[in-house]
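Counting along the sequence shown from 1, when you hit position 440 you're at 453 in the working numbering, and nothing is skipped either side.
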Amino acid sequence: MDKNRIENNLNKIKEQIPVNMELKRKLRKRFKKNNNWIKRTFVGMAAVACLLTVFYSLDIKKIPDTIIPKVNAADLKIANQMSFVDIGGGVNGRITEYNGTIYMPISDKGLFEYNKEGFKKISNREINYVSVSNDGDKLVYSSNGNIYLLDLKTNKETVILKGDEVSIYYDEPSFSPDENKIIYTRKVISPRETHGFDIKESSLNEIDLKTLKSTKLADGSYGSFIKGVDAIVFERDNKIIYKDLNYNKEKIVDDGRFPSVSPDGNYIAYEKSELKTDKIKDNISVKESVSNIWVTDTVNFATKRQVTSNISNEIAVEDWLKSIKPSDEAQTFETNGLYSYFDPVWNSGSNSIFVLKNANVDTGGNAMRLMKIDISKEKISAQDVVRRYLQALVVRDDDFARMLMKNPPQLLTISNPHPVGYTILSSGTENGKIYVDAELNYAYTMESYYSIEKSRYYLIPNSNGYIIDSIKNLSKAEYINKNGSLYMVEGQSNVKLFDKTDIPKQYLPDGDYRLGPIAYSSKTNTLVFTIQNTGKPSVKLISYELNGKKFKMIDSINSGGFFELKIDESGRYLAANYITAQNTAKTYVYDLNDNKKIDLQTLIKDTTIQALNSNFWDGKTLMFNVNTNHQYLYYKYNPEKFEISIP
């Protein structure tokens, strides 16, 4: 084996970190101009073995998987928001969820089942819309103009409606609350002479699953039944419409698309785009369509609540303004917001909304992502707001982070060093204002660098509970390698921790070597570091207790190398991202107290894994992602129970 192969593989990882320097420059310039209240906010998370950066955060407090007691839509609180699946490029279909299992159609690949067991294909069909029954036993989906019913227990598929493959297509099926009927869209199309087609008719119909008799309900698409009433909600001409089937009366709910009724029958989620016009000069203007997800009540549509926080695509606007030439003629630039949202879907417990989210700017890969918005009737505590804010920093879920700040910045970068974890320290009151103290940890991929930044977050009350008003930096400690010696740098102080010559000889490899990634636990005052043999593919993982000045061998592996280390807030568990000699990324989790080790890949079933990487610790829960056939999926790992689950 080439003695430089591991080093080359590690360097490839570093080279693959997607740093968009032009984007970074523009955003930093704007950040400095518009935001002086915080010195350092959005620091990008470097994608490690993956070429695409993917984001997610996690539940702050466990919301019971039961229906939320009825409150007005305007009184709902955003308990959390996460982007936790990178679906990849291409057009992707509407997903559905039941009791922790997500059924996900992926373009050109089929229908997949995603849960704590793994990521398994259950159909090869090209599916663009899928719904699950209320008992979770059946799926109904559309494929190539036909509608199918799949029994998940027997795996038996039945054709319910079949188009003629020329002009009649059936689409967008979903179950009635009693599961005896299916509502669907019947489309009549007319092919154009060159390419494409025109929709001549789009009607909503229901089919009785016992008699297979169909009945027309309305003109439109994206229909849903409503539990407890004889009514439907659907879309027509970019309007959300409610129809009382008893009285055959329609009422416009709001502008919007993709309506989805919660299983409890209380709420409608939908996408709505609002047009904003900005007049730059007398003859120069910008028209921007900004997409967001909204929730309204099903009863009288009394209140509404915006549950995402999209912003203007200022980068696209700035680029256009630089490109235009002086002219007396009117010039108008039409664009979309920073994100576009599609197909909101409620979970089976009516307490979360899944939505497809696409970035309208090149940030290292414009893949479609699946986002989850958790809904609660309870106000969120100050500590939980800061915790979610720090999660958003780690995973670059910038639109959610903006929702947690009074004066949010625009900065969004992808660079090193990047946040890898955080710890909530304490809370209190200062001059009548509530504050939360927390640490944010940073690492540099492949390098002997680790830092801990302590900050004080001042919060003020708002309708969701609290919002961050300002941030004050309290301290910063850096752990760095200087010519083979590890130092702690804090302010003007440089404290040498140890030299390479201090390491016990029995821990050192034969031949040339270098110090690799490091991590530090303030809880145990312990530094964990790696020694990479540069002459052959082998690596050693060692801890150093600063109080007792004691070295301890954690692990020695004869092939591959570590490229990033993360310690949980208790100091007991270590997640070590590793690259094999075959250039495959994986993660080992070590119990530093019991000297136990587990390969996370062994816990994922029914899944072909190309790469696996840890992302960050939330307390004692490790968040990690899996790359399977260019789909990036997220999981949570509990090292005390040796259990995984999806966010």
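Where a beta carbon is used, it is the ideal one built from N, C-alpha and C, also for glycine.
With contacts defined by Cβ atoms closer than 8 Å, I108 and L521 do not form a contacting pair.
When E170, S302, I135 are compared, the shortest CA-CA separation from G350 is found for S302. Counting of Cβ neighbours within 10 angstroms places Q505 among the exposed residues, the total staying below 16. Within the same chain, and ignoring the five residues on either side of A244 in sequence, the residues whose Cβ sits closer than 7 Å to its Cβ are Y255, K256, D257, L258. Boundaries of the beta strand (DSSP E) around R382: 381-389. Non-local C-beta neighbours of E170 in its own chain, meaning closer than 6 Å and more than five positions away in sequence, comprise Y161, L163, ordered along the chain. Around the beta carbon of A315, fewer than 16 other beta carbons sit within 10 angstroms, so the residue counts as exposed. Annotated as proximal: G269 and E284, with beta-carbon spacing under 8 Å. Taking each of G561, G524, Y260, K562 in turn and checking the Cα distance to S551, the smallest one comes out for G524. If the five residues before and after K446 are omitted, its C-beta is found closer than 6 Å to the C-beta atoms of Y471, all from its own chain and listed in chain order.
In the three-state reduction of the DSSP assignment, I622 falls in the coil class, being assigned neither a helical nor a strand state.
Residue pairing of Y235 in beta bridges, as defined by DSSP: absent, with no partner found. Membership of L222 in any beta strand (DSSP E) is not indicated, and neither H nor E is assigned to it by DSSP. Secondary structure within the stretch 509-581: the beta strand (DSSP E) runs of 3 or more consecutive residues, fully enclosed, are 526-534, 539-546, 551-558, 563-570, 574-580 (chain order).
In terms of CA proximity to L453, L403 leads the group A414, G113, L403, K213.
With fewer than 16 other CB atoms across the displayed protein chains lying within 10 angstroms of its CB, Y260 is exposed. Within a 10 Å sphere around the beta-carbon of V508 sit fewer than 16 other beta-carbons, which makes this residue exposed. The three-state reading of DSSP puts V408 in helix, counting H, G and I together. In terms of Cβ geometry, S464 and D450 do not form a close pair [threshold 8 Å]. The C-beta distance from V246 to S237 rounds to 5 Å, short enough to fall under 8 Å. Listed in chain order, the non-local C-beta contacts of I253 below 6 Å within the same chain comprise V266, D267, G269, P272, Y283, local neighbours out to five positions each way being set aside.
For the set G106, L554, Y111, P530, the Cα lying nearest the Cα of I119 is the one of G106. Looking at the DSSP output, V639 sits in a beta bridge with L625, L646. The C-beta distance from S156 to I140 rounds to 5 Å, short enough to meet the 8 Å contact threshold.
Here the alpha carbon of P339 sits roughly 52 Å from the alpha carbon of N360. Secondary structure within the stretch 279-348: the alpha helix (DSSP H) runs of 4 or more consecutive residues, fully enclosed, are 327-336 (chain order).
K129 is a Cβ neighbour of I657, given a cutoff of 8 Å. In the assembly as shown, A343 is an exposed residue. Its beta-carbon has fewer than 16 other beta-carbons within 10 Å. Using a Cβ distance threshold of 8 Å, V433 and V408 do not count as a contacting pair. Listed in chain order, the non-local C-beta contacts of N606 below 6 Å within the same chain comprise R585, local neighbours out to five positions each way being set aside. In the three-state reduction of the DSSP assignment, R199 falls in the strand class. Secondary structure within the stretch 139-215: the beta strand (DSSP E) runs of 3 or more consecutive residues, fully enclosed, are 142-145, 151-156, 159-164, 169-174, 181-188, 194-204 (chain order). Taking a contact as a CB-CB distance under 8 Å, the pair K385 and M95 counts as one, their CB atoms being some 5 Å apart.
Partner residues in the beta bridge of E248, as assigned by DSSP, are S234, I253. Annotated three-state conformation of L613 is helix, per DSSP.
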